[in-house]
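Numbers given in our numbering equal positions in the sequence shown, counted from 1, plus 286. By construction, the Cβ of each residue, glycine as well, lies at the ideal position given by its N, Cα and C atoms. Since we're looking at a predicted model, the values are computed, not measured. The next block holds one structure in the form of structure tokens; read it before the comments.
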Amino acid sequence: MKADIHPDYHMIKVVMTDGTEYMTQSTWGSEGDTMNLEIDPKSHPAWTGGNQQLMDRGGRLSKFKKRFEGLSM
């Protein structure tokens, strides 16, 4: 195995959008740096589910409903 090819892991502080902090190992920055997150799992809709609404754009939904209204199982 080649020597000195692995990145340097060190401890950094990560600050979430709600202000909570935790320490983790990373190759980002240098020892003791602080990473301030703009998006995190507590605030981003991709993780929280967001406020999804079914929108009828161009009448596609109503066309679909009309086409299959008589179909039942």
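How would you write the range of the beta strand (DSSP E) that residue i sits in, first residue to last?
i    : result
E348 : Glu is not the amino acid found at residue 348; the sequence shown has Ser there. Segment 346-353 is the alpha helix (DSSP H) holding S348; no beta strand (DSSP E) there.
I236 : Outside the shown range of the chain (287 to 359) lies residue 236, about which nothing can therefore be said.
So, is residue i buried or exposed, given that buried needs 16 or more other C-beta atoms within 10 angstroms?
i    : result
I325 : exposed
I298 : buried
Name the DSSP beta bridge partners of residue i, please?
i    : result
S312 : H296
E324 : Bridge partners of E324: none, in fact.
E307 : V301
Under 8 Å Cβ to Cβ from residue i, same chain only, skipping five residues before and after it: list those, please.
i    : result
L323 : V300, V301, M302, T303
Less than 6 Å between C-beta atoms, sequence neighbours within five positions excluded: which residues of the same chain meet that for residue i?
i    : result
G315 : I298
S329 : T303
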